[in-house]
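**Student:** Residue numbers (the working numbering): 2 to 543. The beta carbon of each residue, even a glycine, is placed where N, CA and C say it ideally should be. Remember, predicted model here, so these are calculated numbers, not experimental data.
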């Protein structure tokens with residue numbers, strides 16, 4: 002092989018360029034690549050032609066080295082592996098091909114395929130002596146992902162002409178869509194961030210319960226069920242509300258711990274007006290007589306209800322209460338607010354804000370037990386028309402249940418929105434933006450069932466009426482009730498909401514079905530409050 006031009010030929014069926022150009026600095030290693038021929042078997046003689054296949058990434062300048070393969074394989078840039086992964090090396094440019102002075106291939110079994118790899122580019126190339134012919138074929142190794150006949154080329158029309166331009170355009174459109182999406186998300190985040198107002202708050206009340214402060218908390222005393230048909234008698238007794246170890250306890254107890262079972266069932270009169278302790282208004286809130294023949298009993302449970310009506314109230318502000326909910330079937334704990342004045346009329350026309358309501362029932366109770374809380378706004382023209390279903394939201398936990406551990410229950414209230422949250426502001430329970438009057442939100446019918454017209458109780462009020470006035474805080478644990486908070490036919494409920502005057506009797510007669518669920522440890526049966534913090538939005542003009 003005397004000249005380069007006659008020592009190789011291009012295969013017309015493949016992409017043909019050459020092996021990658023060798024680093025000139027490696028030429029000094031040519032003479033070091035010779036092997037002891039006596040230690041290696043001799044390959045077939047008379048290779049007169051070398052074919053380079055499928056080399057679209059190889060420099061033309063290196064083609065003159067292909068006939069003298071010893072140069073390529075002798076360099077440190079390349080590794081050559083023969084059959085069985087046995088390492089082979091090629092002699093230098095001045096070695097001999099089988100002693101002929103034309104450069105030699107020194108290895109074993111050269112009638113079979115081998116391959117060599119460029120250490121720099123990690124590209125592999127196959128070497129093969131074709132049959133008995135004097136031709137050595139070098140081809141780039143290709144990993145096949147489909148079973149195609151060797152040498153067959155699969156067409157890729159999408160890479161040609163207009164199809165390729167269309168593909169490129171689609172790529173640009175895709176990238177532009179992603180960019181626009183990112184910009185849109187960023188703008189929404191920015192707008193949400195701008196919409197969150199950080200108010201300056203001024204302290205109204207902070208109580209961490211080092212002692213029970215009667216200058217802050219008023220104990221309400223009633224027997225009338227507070228309009229919900231509840232079965233508890235709220236007392237001023239320290240058995241039902243007290244401070245211990247820096248915490249406030251609101252603890253329900255059985256009435257038969259203070260009077261007999263017979264008195265509960267028949268012939269006993271409770272007159273809170275006579276002893277001057279009643280904080281309610283009207284006979285039904287302050288007076289009751291048990292009567293077995295009419296199935297009317299005294300409230301079978303005593304509990305407590307505390308409020309700040311005389312000491313602290315806010316119109317727009319923030320409240321945070323750290324508390325643990327009670328356990329026990331049909332217990333009804335609540336942290337909530339009522340208006341100081343019924344500016345727009347009796348409940349619910351003047352509004353109600355429930356920060357937290359829960360149930361003491363277990364986690365299997367369908368409506369949610371001490372694993373769930375809810376927040377609600379009550380508003381409407383009358384007691385029979387309350388729009389609360391449009392401003393109600395519940396929140397349930399599977400871990401760290403509200404009856405097992407303390408949580409911080411929060412309220413934020415401004416002339417723009419009202420929201421509640423658990424533990425942190427981002428863990429939102431309820432949110433309502435005051436973007437239209439509640440009369441429009443309610444979409445009330447024009448008349449009652451008797452044909453009389455339903456009047457708008459807030460015609461002269463602000464757009465957020467009735468939630469534009471001073472509200473005070475209430476903490477209580479009620480028991481049962483007939484207002485629907487405990488739906489019928491759920492959890493083996495022992496009374497019906499339609500019973501009204503006799504529901505408490507049905508509840509008490511089924512004590513064996515629910516009292517075992519009441520923990521004897523006050524830590525678990527009581528609502529335990531660790532701290533109460535009330536703030537108002539500061540008036541910057543003062």
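(1) Locate the alpha helix (DSSP H) running through residue 466, then write down its first and last residues.
(2) I need the DSSP call for residue 527, collapsed to helix, strand or coil.
(3) Please classify residue 508: does DSSP put it in a helix, a strand, or coil?
(4) Applying the criterion that 16 or more other CB atoms from any shown protein chain within 10 Å of the CB defines a buried residue, is residue 66 buried or exposed?
(5) Are the CB atoms of residue 541 and residue 205 within a distance shorter than 8 Å?
(6) For residue 438, I'd like the list of residues in its chain whose CB is within less than 6 Å of its CB, leaving aside the five on either flank, ordered along the chain.
(7) Using only the alpha-carbon positions, how far apart do residue 388 and residue 338 sit?
(8) Beta strand (DSSP E) containing residue 289: first to last residue?
(9) Under the rule that 16 or more other beta-carbon atoms within 10 Å means buried, what is residue 362, buried or exposed?
(10) Is there contact between the region 238-252 and the region 481-495, where contact requires at least three CB pairs shorter than 8 Å?
(11) Does the Cβ-Cβ distance between residue 257 and residue 265 come in under 8 Å?
(12) For a test of the three-state rule: what should DSSP assign to residue 341, helix, strand or coil?
(13) State the start and end residues of the unbroken beta strand (DSSP E) segment that holds residue 431.
(14) Fully enclosed by the region 203-238, which beta strand (DSSP E) runs are 3 residues long or longer?
(15) Taking 8 Å as the limit between beta carbons, can you name the residues of its chain near residue 372, skipping five residues before and five after?
(16) Let me check understanding here. Comparing Cα to Cα, which of 351, 353, 460, 394 lies closest to residue 369?
(17) What residue range does the alpha helix (DSSP H) around residue 364 cover?
(18) Assuming residue 264 is part of the alpha helix (DSSP H), what are its boundary residues?
(19) Would you be able to state if there are at least three C-beta pairs under 8 Å between the region 516-532 and the region 295-302?
(20) Between which two residues does the beta strand (DSSP E) harbouring residue 413 extend?
(21) With a threshold of 7 Å on Cβ separation, who are the neighbours of residue 359 within its own chain once the five nearest residues in sequence on each side are excluded?
(22) Among 411, 454, 468, which has the Cα closest to the Cα of residue 436?
(23) Please state the DSSP three-state secondary structure of residue 422.
(24) How big is the Cα-Cα spacing for residue 202 and residue 179?
(25) DSSP three-state call for residue 293: helix, strand or coil?
(26) Note down, in chain order, each residue of its chain lying with its Cβ closer than 6 Å to the Cβ of residue 344, except the 5 sequence neighbours on either side.
(27) Would you give the residue range spanned by the beta strand (DSSP E) that residue 404 belongs to?
(28) Is residue 445 near residue 382, with beta carbons less than 8 Å apart?
(29) State the Cα-Cα distance for the pair residue 171 and residue 426, rounded to the nearest angstrom.
(30) For residue 312, name the three-state secondary structure that DSSP assigns.
(31) For residue 357, which residues from the same chain have a beta carbon less than 6 Å from its beta carbon, with the 5 sequence-adjacent residues on both sides left out?
(32) Where does residue 16 sit, in a helix, a strand or coil, going by DSSP?
(33) What are the start and end residues of the beta strand (DSSP E) that includes residue 353?
(34) Residue 235 and residue 221 - do their beta-carbons sit closer together than 8 Å?
(35) Can you name, in chain order, every residue of its own chain whose Cβ lies under 6 Å from the Cβ of residue 287, other than the five neighbours on each side?
(36) Starting from residue 441, follow the alpha helix (DSSP H) in both directions and report where the run begins and ends.
**Tutor:** So, to answer that:
(1) Taking the first residue of the chain shown as position 1, residue 466 is located at position 465. Premise fails: residue 466 is in no alpha helix (DSSP H) and is neither H nor E.
(2) Counted from its first residue, the chain shown places residue 527 at position 526. Of the three classes helix, strand and coil, the one that applies to residue 527 here is coil, per DSSP.
(3) What you label residue 508 is simply residue 507 of the chain shown in a count that begins at 1. DSSP places residue 508 in helix when its eight states are reduced to three.
(4) As a first step, residue 66 must be located in the chain shown, where it is residue number 65. For residue 66, the pLDDT reaches just 45, beneath the cut-off of 50, and the residue's location in the model is therefore unreliable, although a value from the coordinates is still provided. Buried, since its Cβ has 16 or more Cβ neighbours within 10 Å.
(5) Locating residue 205 in the chain shown gives position 204, where the first residue counts as 1. Locating residue 541 in the chain shown gives position 540, where the first residue counts as 1. No.
(6) Within the chain shown, numbered from 1, the residue matching residue 438 stands at position 437. Excluding residues within five positions, the ones whose Cβ falls inside 6 Å are 464.
(7) Within the chain shown, numbered from 1, the residue matching residue 388 stands at position 387. Within the chain shown, numbered from 1, the residue matching residue 338 stands at position 337. The straight-line gap from Cα to Cα measures roughly 17 Å.
(8) Walking along the chain shown from the start, residue 289 turns up at place 288. Its beta strand (DSSP E) spans residues 288-290.
(9) If you number the chain shown from 1, residue 362 lands on position 361. Burial call: buried.
(10) no
(11) The residue labelled residue 257 in the question sits at position 256 within the chain shown. The residue labelled residue 265 in the question sits at position 264 within the chain shown. Taking 8 Å as the Cβ cut-off, residue 257 and residue 265 qualify as a contacting pair.
(12) Along the chain shown, one-based indexing puts residue 341 at 340. In the structure shown, residue 341 sits in coil (DSSP, three-state: anything other than H, G, I, E or B).
(13) Taking the first residue of the chain shown as position 1, residue 431 is located at position 430. Residue 431 -> beta strand (DSSP E) spans 429-434.
(14) 233-235
(15) Residue mapping note: residue 372 aligns to position 371 of the chain shown, counting from 1. So the list reads 364, 397, 398, 399, 402, 403, 404, once near-sequence residues are dropped.
(16) For this step, residue 369 is matched to residue 368 along the chain shown. Out of 351, 353, 460, 394, 394 has the C-alpha closest to the C-alpha of residue 369.
(17) In the chain shown, the residue the question calls residue 364 occupies position 363. Looking at the DSSP string, residue 364 is not in any alpha helix (DSSP H), and its letter there is neither H nor E.
(18) Locating residue 264 in the chain shown gives position 263, counting from the first residue. That run of the alpha helix (DSSP H) goes 262-266.
(19) no
(20) For the purposes of this step, residue 413 is identified with residue 412 of the chain shown, where counting begins at 1. Per DSSP, residue 413 belongs to the beta strand (DSSP E) from 408-414.
(21) One-based indexing of the chain shown puts residue 359 at position 358. Once the five neighbours on either side are set aside, the close Cβ partners of residue 359 are 326, 334, 371, 373, 374, 403.
(22) The residue labelled residue 436 in the question sits at position 435 within the chain shown. Closest option to residue 436, Cα to Cα, is 468.
(23) As a first step, residue 422 must be located in the chain shown, where it is residue number 421. Strand, per DSSP.
(24) Looking up residue 202 in the chain shown gives position 201. Looking up residue 179 in the chain shown gives position 178. Roughly 42 Å between the two C-alpha positions.
(25) Within the chain shown, the letter at position 292 stands for residue 293. Three-state result, residue 293: coil.
(26) Start at 1 with the first residue of the chain shown, and residue 344 comes out as number 343. Cβ neighbours of residue 344 beyond the five flanking positions: 351, 470.
(27) Stepping through the chain shown from its first residue, residue 404 is reached at position 403. Here residue 404 belongs to no beta strand (DSSP E), and DSSP marks it neither H nor E.
(28) Locating residue 445 in the chain shown gives position 444, where the first residue counts as 1. Locating residue 382 in the chain shown gives position 381, where the first residue counts as 1. It is a contact, given that the beta carbons lie within the stated cut-off.
(29) Here residue 171 is taken as the residue at index 170 of the chain shown, counted from 1. Here residue 426 is taken as the residue at index 425 of the chain shown, counted from 1. About 43 Å.
(30) Counting from one through the chain shown, the residue named residue 312 turns up at place 311. Residue state, collapsed to three classes: coil.
(31) As a first step, residue 357 is located in the chain shown; it is residue number 356 there, counting from the start. Once the five neighbours on either side are set aside, the close Cβ partners of residue 357 are 336, 374, 410.
(32) Taking the chain shown and counting its residues from 1, the one referred to as residue 16 is at position 15. For residue 16, the predicted structure reports a pLDDT of 37, less than 50, and the residue's modelled location is therefore unreliable. A value from the coordinates is still provided. DSSP places residue 16 in coil when its eight states are reduced to three.
(33) For the purposes of this step, residue 353 is taken as residue 352 along the chain shown, with counting starting at 1. Run containing residue 353: 353-359, per the beta strand (DSSP E) assignment.
(34) Counting from one through the chain shown, the residue named residue 221 turns up at place 220. Counting from one through the chain shown, the residue named residue 235 turns up at place 234. Result yes, Cβ atoms of residue 221 and residue 235 sit closer than 8 Å.
(35) In the chain shown, residue 287 corresponds to position 286, counting from 1. The answer, listed in chain order, is 273, 274, 279, 281.
(36) Looking up residue 441 in the chain shown gives position 440. 439-443 is the extent of the alpha helix (DSSP H) around residue 441.
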